[in-house]
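Participant: Sharing a structure below in structure tokens format, with a few things to ask.
Residue numbers (this note's numbering): 162 to 232.
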């Protein structure tokens with residue numbers, strides 16, 4: 162992923178070795194939405210945030226919204 166713009170979520174996924182595709186499958190969100198959020202181009206809406214956090218907590222049950230987003 163060299164040269165790819167990454168937001169906090171994208172960097173976390175890279176560190177954990179998790180593909181964005183896993184998030185797409187877990188959350189049923191559009192691939193473009195996940196890509197935009199991982200790159201920091203988009204801030205998730207509340208329903209999207211709930212889906213994301215549900216998936217992320219399967220990996221790290223202590224994950225908090227402010228670990229990934231400045232909301």
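For glycine and all other residues, C-beta sits at the position ideal for the given N, C-alpha and C.
1) What did DSSP end up calling residue 168 once you bin it into helix, strand or coil?
2) Taking residue 208 as part of the alpha helix (DSSP H), name the residues at either end of that continuous run.
3) What three-state label does DSSP hand residue 189 in the structure shown?
4) Given a cut-off of 7 angstroms on the beta-carbon distance, is the pair residue 188 and residue 212 in contact?
5) Assuming residue 179 contacts residue 220 under a Cβ cut-off of 8 angstroms, what Cβ separation, rounded to an integer in Å, is found between them?
6) Measuring only the C-alpha atoms, how far is residue 184 from residue 216?
Facilitator: Checking against the coordinates, here is how it stands:
1) coil
2) 207-220
3) coil
4) yes
5) 7 angstroms
6) 7 angstroms
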